[in-house]
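Taken in order, these protein sequences are the chains called Y and R. Every letter in the first sequence is one number past the one before it in this note's numbering, and letter 125, counting from 1, is 146. Every letter in the second sequence is one number past the one before it in this note's numbering, and letter 423, counting from 1, is 444. Ideal placement from N, C-alpha and C gives every residue a C-beta, glycine not left out. Predicted model only: the values in this text are computed from it and were never measured.
2 protein chains.
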Amino acid sequence: MSELFETLRPHLERRFALENALTLYGWDNETLAPKEAMENTAKIIGTLSAEAYRALVNDEVRSLLEALSMPKEFDALTIMEQCIVKKLSKNLKRLEKIPADEFRAFSELTAKAGSIWAKAKEDNDFSAFAPTLKEIVSYQKKFAAYTKKPEISLYDAMLDENEEGILTRELDIFFEKIKEDVIPLLKKVVAVNDTVDKEYNYQKFPIDKQKEFCRFLAEYIGFDFARGVMAESAHPFTTNLHNHDVRITNHFHENNLESAMFSVIHEGGHALYELGVDDALTLTAVGGGTSMGVHESQSRFYENVLGRSEAFWKPIYEKLQNTYPEALSDIELSQFIRGINKAEPGPVRTEADELTYPLHIIIRYEIEKMLMEDLISVDELPRVWNEKYEEYLGIAPKNDAEGVLQDVHWSGGAFGYFPSYAIGNAVAAQIYAYMHNEVNVKECLENGNLMPIREYLREHIHCFGSTKNMNELLIAMTGEPLNAEYYTKYLTEKYTKLYLE
Amino acid sequence: MSELFETLRPHLERRFALENALTLYGWDNETLAPKEAMENTAKIIGTLSAEAYRALVNDEVRSLLEALSMPKEFDALTIMEQCIVKKLSKNLKRLEKIPADEFRAFSELTAKAGSIWAKAKEDNDFSAFAPTLKEIVSYQKKFAAYTKKPEISLYDAMLDENEEGILTRELDIFFEKIKEDVIPLLKKVVAVNDTVDKEYNYQKFPIDKQKEFCRFLAEYIGFDFARGVMAESAHPFTTNLHNHDVRITNHFHENNLESAMFSVIHEGGHALYELGVDDALTLTAVGGGTSMGVHESQSRFYENVLGRSEAFWKPIYEKLQNTYPEALSDIELSQFIRGINKAEPGPVRTEADELTYPLHIIIRYEIEKMLMEDLISVDELPRVWNEKYEEYLGIAPKNDAEGVLQDVHWSGGAFGYFPSYAIGNAVAAQIYAYMHNEVNVKECLENGNLMPIREYLREHIHCFGSTKNMNELLIAMTGEPLNAEYYTKYLTEKYTKLYLE
């Protein structure tokens with residue numbers, strides 16, 4: 022046991038506890054807090070953020086981390102301790118370049134910005150959000166400028182925050198490959214997609230029944246309610262206090278069957294990741310999922326790869342029909358499967374099918390890059406947004422609420438985050454391609470026994486928390502780093518089979 | 022503006038934010054957290070408690086508070102600042118006598134004890150809770166011994182924590198007066214209480230309708246949902262993050278009409294207090310209710326003095342009948358009023374009527390006193406509990422779950438808290454006696470306009486937060502300090518009129 026590390030431990034505990042409290046406030050604000058609370062609560066969050074900052078950025082922690090990073094000390098640490106020292110040293114180096122008062126002001130700003138955005142979206146009024154967004158963009162640019170390596174761009178620094186080592190250079194290639202394969206495929210599919218009748222999806226589905234069925238789905242994929250919670254929020258999300266307290270939200274629409282069902286499978290995928298982290302890592306800085314991209318690979322794997330397959334629904338489709346006999350008794354399983362996979366360009370990312378989805382991400386990626394390179398201003402966002410939708414998806418959002426205001430992310434300062442969604446899809450496809458060597462996925466699904474799938478993911482991904490990064494996990498599992506080929510191949514095969522054969 | 026106070030301000034903000042986070046964890050644990058979360062979450066709470074402790078107990082804050090307490094500096098402060106300095110100096114003097122590691126261990130212990138108690142109650146197994154309770158009692162005795170003035174007893178020190186300046190000497194007299202008046206009155210009432218038929222109360226009341234009606238009641242008394250939240254928990258309670266985020270819980274029983282209705286009026290009374298604190302005090306150490314006793318006076322005033330009166334129900338009884346036509350269409354308002362005031366000794370405090378209620382408190386007061394004076398041990402609690410119930414109420418709890426395990430308080434370390442409930446009743450009666458000079462309460466109630474009542478309480482009590490203590494508030498309102506006469510007179514008049522005329 023390293024004495025030095027033991028000296029560091031109380032600092033780690035303080036930092037963890039303060040960040041945990043911020044997570045709890047975040048959860049509470051999204052799911053419960055009354056609307057007039059925010060002005061005051063934001064100040065409390067600002068103070069706690071400043072505390073969390075100081076718990077890491079101080080001379081004692083700095084010198085302990087430096088000492089622990091010296092080869093002699095470092096080599097004597099356990100793997101977990103080494104990962105903690107590496108991660109915190111990186112965080113510290115980044116944070117100490119940001120002035121404490123700016124960090125605090127930014128925390129207060131983003132704590133309030135969510136409700137400003139929500140109101141602007143509700144009122145379909147981009148100008149009400151623009152001043153706040155300008156402030157956020159300005160802080161994020163400043164922070165990136167303070168912290169980035171000289172050889173990379175501001176936007177690269179933001180990308181690196183979300184997915185270590187993935188820069189615009191890689192992403193440009195990655196997205197070009199996707200555009201090259203997906204755009205022509207989508208054209209072919211759209212030409213025949215009026216053969217898919219999914220009117221059934223827009224009948225009336227009573228919300229109490231939806232809640233009950235979604236709870237069933239969560240348990241079916243392996244979500245553990247003794248260690249998890251399900252609540253409601255404007256947009257579904259997953260968060261957790263630790264691996265014994267993992268929380269997902271959902272949002273229900275009476276006239277849409279798919280929306281809440283695929284949300285719960287998606288968030289459930291995120292949750293299984295956090296629930297599967299090894300207990301030895303609990304309450305440490307490496308006790309959560311390793312990156313946004315890998316997280317999204319788990320949610321997308323459950324939602325799309327498993328959840329939109331015929332094998333997944335075979336054992337439970339009758340239960341679904343019995344839940345909504347009026348809407349579904351005449352709908353055959355095969356029609357339902359075609360319905361939930363219908364590819365159709367639309368204005369809203371969260372409602373997009375698997376095939377058009379990456380195009381929504383590409384639009385955001387290109388816009389964020391331009392914004393951070395000062396090629397466009399915040400005020401130009403609505404126009405540029407609509408032009409890109411026209412270009413890539415051939416459609417025009419009918420207003421800013423379903424256009425540039427649709428996503429919450431920017432209000433939280435999350436730039437460089439969207440690409441993780443596409444990376445996640447690609448990782449999911451790559452995992453899927455190799456998983457077959459060890460697990461008969463189709464058979465598991467058809468037998469209604471999803472546990473071998475969860476156990477495989479737990480063993481190869483979940484249990485490691487953030488002690489391994491994306492490419493380390495992928496190389497160990499599949500023998501190669503991220504490779505977009507699997508993703509475009511998966512999409513091509515799936516949509517060819519569904520539509521073009 | 023005092024420069025010294027400005028130097029103190031960031032410390033105040035840190036302390037406030039950390040305590041606020043602990044409040045949020047407390048709320049979350051009671052209303053939502055999954056059952057297997059507690060082991061880990063308790064550690065986080067322990068760390069944050071230690072931080073909150075250190076935010077106050079440190080050399081810098083100590084010397085600032087000392088300097089600010091010097092007459093020249095103190096006199097230059099605003100009233101609010103003076104109250105903050107006085108309150109924190111008192112807290113600091115108390116806390117710095119408790120070793121930090123013991124304080125932290127105690128916080129972790131009580132964070133877990135709630136679920137241990139709940140399980141023991143569910144299993145009707147006192148022995149499963151006893152070891153934890155022994156630890157809690159032992160800590161509380163130690164803490165009281167560290168902090169108390171030499172001339173007072175351990176239990177006096179605990180009482181003083183809950184209601185400044187109210188010691189066993191006063192309480193013995195207070196409770197003797199109550200026993201003297203209430204016990205003979207109760208005997209007379211019980212002799213005729215079989216004339217009250219309240220069978221209607223135990224019919225079937227669908228929970229969704231109860232929820233809807235309780236929401237109506239909350240709004241009816243003036244609870245503001247833009248600044249408040251209503252949720253569910255095992256036992257109803259009120260908490261708040263600040264005066265723009267006040268939260269109440271409720272618990273619903275399908276076969277009991279009264280339970281949830283009077284809980285929401287009770288918790289609503291607590292909530293109106295917190296919502297009514299002046300905005301100038303928000304996010305400060307004096308921005309909440311001043312004491313448990315005054316808090317309980319507000320909840321009891323709404324629940325009993327207003328909520329169980331005929332005038333309260335006159336304008337809304339028809340709505341209640343229409344909500345549950347099967348159970349209530351044949352029940353006249355007069356029978357309902359007698360029903361909700363039926364006096365009947367029972368084993369459970371939270372279900373007690375207004376007349377037997379103080380006897381439940383007296384039992385707890387006497388037991389706590391004995392426990393803290395080492396006249397009984399934790400293991401003897403079930404026996405002593407049952408004997409006292411036999412003595413004062415003439416009944417025997419059928420098991421420990423409805424006996425000694427019924428209340429959550431001791432699991433949180435709250436000894437010396439129960440007397441506040443009786444004090445609150447007495448304060449409510451005293452306020453009521455004087456309120457008539459300014460507000461025609463009966464007319465307000467009969468017109469369904471409760472706002473003048475809330476405004477009166479806001480002006481004389483709520484707005485002050487904890488800048489005035491109980492007796493200061495009472496003297497300003499009624500010209501005299503707490504006087505139990507009003508309470509026994511109120512009970513005697515009310516029950517004589519209902520039962521004995």
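Handout entry: CB contact check: His291 of chain R to chain Y, cutoff 8 Å
Key = no
Problem - Identified DSSP bridge partners for Gly297 of chain R - result: Partner(s): none; Gly297 of chain R has no beta bridge.
Handout entry: chain Y contact for Asp266 of chain R (CB, 8 Å cutoff)
Key = yes
Exercise for the section: Please check the pair Gly314 of chain Y and Ser441 of chain Y, which I expect to be a contact at CB under 8 Å, by giving their CB distance rounded to whole angstroms. Expected result: 4 Å
Exercise for the section: Measuring only between beta-carbons, confirm whether Tyr455 of chain R sits less than 8 Å from chain Y. Expected result: no
Problem - Residues near Ser312 of chain R in its chain [Cβ-Cβ closer than 6 Å; skip 5 each side] - result: Glu184, Met491
Problem - Neighbour-count burial assignment, Ala373 of chain Y, 16 or more Cβ in a 10 Å radius - result: Buried, by the Cβ-count rule.
Exercise for the section: Specify, as a first and last residue, the run of the beta strand (DSSP E) that Met251 of chain Y falls within. Expected result: 249-253
Handout entry: CB contact below 8 Å: Leu262 of chain R versus chain Y
Key = Yes, its Cβ sits closer than 8 Å to a Cβ of chain Y.
Practice task
Can you give me, in chain order, the residues of the stretch 29-59 of chain R that have a beta carbon less than 7 Å from any beta carbon in chain Y?
Solution key: Glu34, Arg35, Ala38, Asn41, Ala42, Leu45, Tyr46, Asp49, Leu53, Ala54, Pro55, Lys56, Glu57, Ala58
Exercise for the section: Can you grab the Cα-Cα spacing for the pair Leu109 of chain R / Pro502 of chain R, in whole Å? Expected result: Looking at the two C-alpha atoms, the distance is approximately 25 Å.
Practice task
Return no unless some Cβ of chain Y is closer than 8 Å to the Cβ of Arg248 of chain R.
Solution key: yes
Problem - Three-state secondary structure assigned by DSSP to Val267 of chain R - result: strand
Handout entry: Within 7 Å of chain Y by C-beta, residues of the stretch 63-87 of chain R in sequence order
Key = Lys64, Ile65, Thr68, Leu69, Glu72
Exercise for the section: Say yes only if the C-beta of Ala134 of chain Y is nearer than 7 Å to one or more non-hydrogen atoms of the ligand HEM, and no if none qualify. Expected result: Within the structure as shown, the ligand HEM is missing, as the structure has no ligands at all.
Exercise for the section: Check distances from the C-beta atoms of the stretch 300-320 of chain Y to those of chain R and list, in chain order, the residues that come in under 7 Å. Expected result: Thr303, Leu304
Exercise for the section: Ignore the nearest five residues each way along the sequence and tell me which others in Asn362 of chain Y's own chain have a CB closer than 6 Å to its CB. Expected result: Closer than 6 Å at Cβ, skipping near neighbours: Arg329, Leu519.
Problem - Rounded straight-line distance, which links the Cα of Lys409 of chain Y to that of Pro205 of chain Y - result: Roughly 17 Å separates the two Cα atoms.
Problem - For Tyr507 of chain R and Tyr455 of chain R, the rounded distance between their alpha carbons - result: The C-alpha of Tyr455 of chain R lies about 10 Å from the C-alpha of Tyr507 of chain R.
Exercise for the section: Tell me whether Leu533 of chain Y sits in a helix, a strand or coil according to DSSP, three-state version. Expected result: Nothing can be reported for residue 533 of chain Y, as the shown portion of chain Y is limited to 22 through 522.
Exercise for the section: Would you mind telling me which residues of chain Y sit closer than 8 Å to Asn222 of chain R, beta carbon to beta carbon, in chain order? Expected result: Result: empty, since nearest Cβ-Cβ is about 27 Å, beyond 8 Å.
Exercise for the section: For Asn271 of chain Y, decide whether its Cβ has a neighbour in chain R, counting only Cβ atoms nearer than 8 Å. Expected result: no
Practice task
Select from R:Ala63, R:Gln231, R:Val106 the residue whose C-alpha is nearest the C-alpha of Ser84 of chain R.
Solution key: R:Val106
Exercise for the section: Spatial neighbours of Ser254 of chain R within its chain, please: CB distance less than 6 Å, with the 5 preceding and 5 following residues excluded, ordered by chain position. Expected result: Contacts found: Glu51, Thr52, Thr270.
Handout entry: Pair within 8 Å by beta-carbon distance, Lys219 of chain R and Thr344 of chain R
Key = no
Problem - Range covered by the alpha helix (DSSP H) that runs through Ala449 of chain Y - result: 440-456
Practice task
Quick one: using the 10 Å Cβ neighbour count with 16 as the cut-off for buried, is Pro418 of chain Y buried or exposed?
Solution key: buried
Handout entry: Close Cβ partners of Ser284 of chain R (< 6 Å) along its chain, the five nearest in sequence each way excluded
Key = Exclusion of the five residues before and after Ser284 of chain R leaves Pro257, Asn271 as the residues of its chain whose Cβ lies within less than 6 Å of its Cβ.
Practice task
Could you tell me whether any Cβ in chain Y is nearer than 8 Å to the Cβ of Asn61 of chain R?
Solution key: yes
Handout entry: Segments assigned alpha helix (DSSP H), at least 4 residues, entirely inside the stretch 300-324 of chain R
Key = 313-321
Handout entry: CA-to-CA distance, Glu72 of chain Y to Ala141 of chain Y, given in whole angstroms
Key = 31 Å
Exercise for the section: Starting from Ile242 of chain Y, trace the alpha helix (DSSP H) both ways and give me its first and last residue. Expected result: Counting along the chain, the alpha helix (DSSP H) containing Ile242 of chain Y begins and ends at 228-242.
Handout entry: Within 8 Å, strictly: CB atoms of Tyr516 of chain R and Val217 of chain R
Key = No, the Cβ-Cβ distance between Tyr516 of chain R and Val217 of chain R is not below 8 Å.
Practice task
Provide the residue(s) that pair with Asn261 of chain R in DSSP beta bridges, ordered along the chain.
Solution key: R:Val267
Handout entry: Per-residue burial, Thr28 of chain Y [other beta carbons within 10 Å of its own, 16 or more giving buried]
Key = The residue in question, Thr28 of chain Y, is exposed, as its Cβ has fewer than 16 Cβ neighbours within 10 Å.
Handout entry: Spatial neighbours of Ala301 of chain Y in its chain, beta-carbon cut-off 7 Å, leaving aside the 5 residues before and after
Key = Met101
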